[in-house]
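From first to last, the protein sequence lines stand for chains A and B.
For the first sequence, counting from 1, position 64 maps to 845 in the numbering used here; every step adds exactly one.
For the second sequence, counting from 1, position 356 maps to 364 in the numbering used here; every step adds exactly one.
Where a beta carbon is used, it is the ideal one built from N, C-alpha and C, also for glycine.
If you're wondering where the values come from, they're calculated on a predicted model, not measured in any experiment.
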Amino acid sequence: MAESFDPKILYVMCGWCGTGGAETASAYGMYYPENVRIFRVNCTGALSTVHMLRPLLEGADGLVISGCHPGDCHYDDGNFMARRKVALVKTILDSLGLDSDRLWFRYVAHGEARRFVDTAAEFTDHIKSKGPNPLATRSDT
Amino acid sequence: MKGGQVDARGGIQAGITSFLKEALSKGCFDAVMIPTRVPAGDSFAWILTDNEDLVAGASPLPPVMPVQGARALSSITKKGKAPAKIAAVMRPCEVRAAVELGKLKQVDLANVTLLSMDCPGVLELSTYLSDPTKGDSEFSRLLDKWDAESLRPVCRSCTHFSATASDIHLGLLGAQAERLYVMPLTPEGSRVTDALNISADQELDSWQAKVDEVRQKREEQRRKSEVELKERVEGTEKLLATLSTCIGCRNCMRVCPICYCRQCFFDSDALEGEVAAHLSRAERKGSLRFPLDTLLFHLGRMSHMSLSCVECGTCEDACPMSIPVGQIFSHVARRTQELFKYDPGKNRYEPLPLVTYEQDELHDFEQPYVKTYSGKGAADA
Ligand code: SF4
Ligand code: SF4
Ligand code: SF4
Numbered sequence: 782m783a784e785s786f787d788p789k790i791l792y793v794m795c796g797w798c799g800t801g802g803a804e805t806a807s808a809y810g811m812y813y814p815e816n817v818r819i820f821r822v823n824c825t826g827a828l829s830t831v832h833m834l835r836p837l838l839e840g841a842d843g844l845v846i847s848g849c850h851p852g853d854c855h856y857d858d859g860n861f862m863a864r865r866k867v868a869l870v871k872t873i874l875d876s877l878g879l880d881s882d883r884l885w886f887r888y889v890a891h892g893e894a895r896r897f898v899d900t901a902a903e904f905t906d907h908i909k910s911k912g913p914n915p916l917a918t919r920s921d922t
Numbered sequence: 009m010k011g012g013q014v015d016a017r018g019g020i021q022a023g024i025t026s027f028l029k030e031a032l033s034k035g036c037f038d039a040v041m042i043p044t045r046v047p048a049g050d051s052f053a054w055i056l057t058d059n060e061d062l063v064a065g066a067s068p069l070p071p072v073m074p075v076q077g078a079r080a081l082s083s084i085t086k087k088g089k090a091p092a093k094i095a096a097v098m099r100p101c102e103v104r105a106a107v108e109l110g111k112l113k114q115v116d117l118a119n120v121t122l123l124s125m126d127c128p129g130v131l132e133l134s135t136y137l138s139d140p141t142k143g144d145s146e147f148s149r150l151l152d153k154w155d156a157e158s159l160r161p162v163c164r165s166c167t168h169f170s171a172t173a174s175d176i177h178l179g180l181l182g183a184q185a186e187r188l189y190v191m192p193l194t195p196e197g198s199r200v201t202d203a204l205n206i207s208a209d210q211e212l213d214s215w216q217a218k219v220d221e222v223r224q225k226r227e228e229q230r231r232k233s234e235v236e237l238k239e240r241v242e243g244t245e246k247l248l249a250t251l252s253t254c255i256g257c258r259n260c261m262r263v264c265p266i267c268y269c270r271q272c273f274f275d276s277d278a279l280e281g282e283v284a285a286h287l288s289r290a291e292r293k294g295s296l297r298f299p300l301d302t303l304l305f306h307l308g309r310m311s312h313m314s315l316s317c318v319e320c321g322t323c324e325d326a327c328p329m330s331i332p333v334g335q336i337f338s339h340v341a342r343r344t345q346e347l348f349k350y351d352p353g354k355n356r357y358e359p360l361p362l363v364t365y366e367q368d369e370l371h372d373f374e375q376p377y378v379k380t381y382s383g384k385g386a387a388d389a
């Protein structure tokens, strides 16, 4: 079962550094797991908390968010605001005994192709070892 | 804490109203917003009035909280500063919600004098309605004894029951028989006590001691109820079982002072789906339960407003399905507020946590990168 489990991973990245890292990776022909679906937003700061919660209730086994490193945000402070919102969502999940470890937040810079593919692979393995997200397949969420 | 005293010979409620009546007649404020018993006798509503007789007959500390006071104050001042001075007579959680709504631009506190008092808690609305006479006598007993068994669950473990961000606080605890303490907490409060010739320079040690004693009991109760609540709702199975009776009426959101949105996101088109989308969702999830998106609504609402939740329990009173929604929100709110060291309603000038940030914070929520990953799914594997 564990071996055949093919997790659905949503990778949300900002339109500047995050996707930049992915573009650099593609320019170098680097590989990342196919089950990772990339979703581009203008800035991680533009993500709402509901954007983080909904995939986790509706089918994703994990959600990873990458934006610019601190100080590098195209809009100055979007990544700092995103960090606050990620912390908020994780705290809500934790306080109710829901799995907050299916949500990751990691900075990836434009040139950091290796860091992007590593994150995609590492997060996929992390979710594989956790198994399917129980909320994703429940009818009563 | 320093303050003065006023007469309360006719009882606590009469003491408060006669203080207000005098302040009104001396022009300290032009109107008073205060709860009053409805003509049918079995509930309470807010009135805004400059009529001294209506103030004298009002119920500053009703036994129940059918409408959160901050909501009433928002109805009055949402569109801007009051042209005349209004005294808003509220419980501490209502004052705190009003302060939060001020930050959210749903209340304008510019010409409002906030008056709070020590609050023994309130009874469950449904219990009260089933026998108001019994409820009234139970509440007078509570005002005397300050025990907790008959209170709503959130009130039993409320630790913000006393002086708060108001301009004037009225102390009931530790006062001598037929007296009330008056504490001006801001220059605005002192303006009122000065006008009434109340010298507010007495050290209120007996009040402080009593407040500490009650707070200690409430904290103990809080620890106990948290264990019980976790037992009841923690984890996917238990949480979904607890929410499984939710009928999606949104009462909890509509009565919540903090949820002011004209159009709630969770009732918006954003969550509407085409038939085909529902069918594929049903297929993916095995089946689909209606009402839809119950957990998303509750978790999403927490993410929108828990940082400002004042744990007033109005949501729980309004839930027709007796879901402990106030206890759940209060439990989560304590944690999210602790995360940002934010105490809602405490400081009018402290920004809401989601409109500000520190550069150096929350590193526990950043996933550390361990150089090149060489696990199974690694890049060039
Ligand atoms: S969520 Fe409930 S307890 Fe919290 S402020 Fe709103 S009504 Fe009060
Ligand atoms: S749940 Fe969110 S969108 Fe809905 S009323 Fe409350 S704050 Fe507004
Ligand atoms: S009031 Fe109760 S039944 Fe109605 S939406 Fe809220 S939790 Fe659900």
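If you measure from the CB of residue i, is any heavy atom of ligand 1 nearer than 7 Å?
i	result
residue 327/B	no
residue 198/B	no
residue 322/B	yes
residue 346/B	no
residue 27/B	no
residue 72/B	no
residue 82/B	no
residue 337/B	yes
residue 264/B	yes
residue 127/B	no
residue 317/B	yes
residue 105/B	yes
Take residue i and list the residues in its own chain whose beta-carbon comes closer than 7 Å to its own, dropping the five residues that flank it on each side.
i	result
residue 389/B	Because the pLDDT at residue 389/B is just 41, under 50, the model does not fix this residue reliably, and the value given afterwards should be weighed accordingly. So the list is empty, once near-sequence residues are dropped.
residue 218/B	181, 182
residue 140/B	49, 50
residue 840/A	789, 917
residue 787/A	816
residue 915/A	none
residue 241/B	247, 250, 336
residue 341/B	314, 317, 319
residue 923/A	Nothing can be reported for residue 923/A, as the shown portion of chain A is limited to 782 through 922.
residue 339/B	234, 237
residue 902/A	813, 814
residue 39/B	56, 57, 58, 92, 94
Excluding five sequence neighbours on each side, which residues of the same chain lie with their C-beta closer than 6 Å to the C-beta of residue i?
i	result
residue 887/A	847, 900
residue 858/A	none
residue 898/A	806, 811, 813
residue 782/A	Because residue 782/A carries a pLDDT of 45, less than 50, the predicted location of this residue cannot be relied on, and no value is offered for it.
residue 194/B	175
residue 192/B	176, 198, 201, 208
residue 158/B	146
residue 722/A	Residue coverage of chain A in this structure runs from 782 to 922, which leaves residue 722/A outside it and unanswerable.
residue 374/B	none
residue 838/A	916, 922
residue 799/A	847, 848, 889
Let me check you understand the geometry: is the CB of residue i closer than 7 Å to at least one non-hydrogen atom of ligand 3?
i	result
residue 267/B	no
residue 333/B	yes
residue 255/B	yes
residue 258/B	yes
What do you reckon, is the C-beta of residue i under 7 Å from a heavy atom of ligand 2?
i	result
residue 312/B	yes
residue 272/B	yes
residue 835/A	no
residue 862/A	no
residue 309/B	yes
residue 261/B	yes
List the whole-angstrom C-beta distance separating residue i from residue j, where the pair is believed to meet the contact cut-off of C-beta under 8 Å.
i	j	result
residue 78/B	residue 204/B	So it is not a contact: roughly 26 Å between Cβ atoms.
residue 12/B	residue 210/B	6 Å
residue 332/B	residue 161/B	7 Å
residue 302/B	residue 256/B	7 Å
residue 802/A	residue 891/A	6 Å
residue 229/B	residue 164/B	5 Å
residue 212/B	residue 10/B	7 Å
Given residue i, which residues of its chain have a CB within under 8 Å of its CB, disregarding the five upstream and five downstream residues?
i	result
residue 267/B	261, 309, 312, 313
>> List, from N- to C-terminal side, the alpha helix (DSSP H) runs of 4 residues or more that fit wholly inside the stretch 230 to 282 of chain B.
In response: Taking 4 residues as the shortest admissible run, the stretch 230 to 282 of chain B contains the following complete alpha helix (DSSP H) segments, listed from N- to C-terminal end: 244 to 251, 259 to 263.
> Which full runs of the alpha helix (DSSP H) of 4+ residues lie inside the stretch 804 to 831 of chain A, going along the chain?
Replying inline: The stretch 804 to 831 of chain A contains no whole alpha helix (DSSP H) run of 4 or more residues.
> Considering only residues of the stretch 92 to 172 of chain B, which uninterrupted beta strand (DSSP E) runs meet the minimum length of 3 residues and lie entirely inside it, listed in chain order?
Replying inline: Listed in chain order, the complete beta strand (DSSP E) runs (minimum 3 residues) inside the stretch 92 to 172 of chain B are 94 to 97, 120 to 125.
>> Going residue by residue through the stretch 179 to 213 of chain B, where are the continuous beta strand (DSSP E) segments of at least 3 residues, counting only ones entirely within it?
In response: List check, beta strand (DSSP E) in window: 187 to 192.
> Could you give the uninterrupted runs of the beta strand (DSSP E) lying entirely in the stretch 868 to 908 of chain A, keeping only those of 3 residues or more?
Replying inline: Fully contained in the stretch 868 to 908 of chain A are the following beta strand (DSSP E) runs of length 3 or more, in chain order: 884 to 886.
> At which residue ranges does the stretch 61 to 94 of chain B contain complete alpha helix (DSSP H) runs of 4 or more residues, listed in the order of the chain?
Replying inline: 77 to 85, all fully within the stretch 61 to 94 of chain B.
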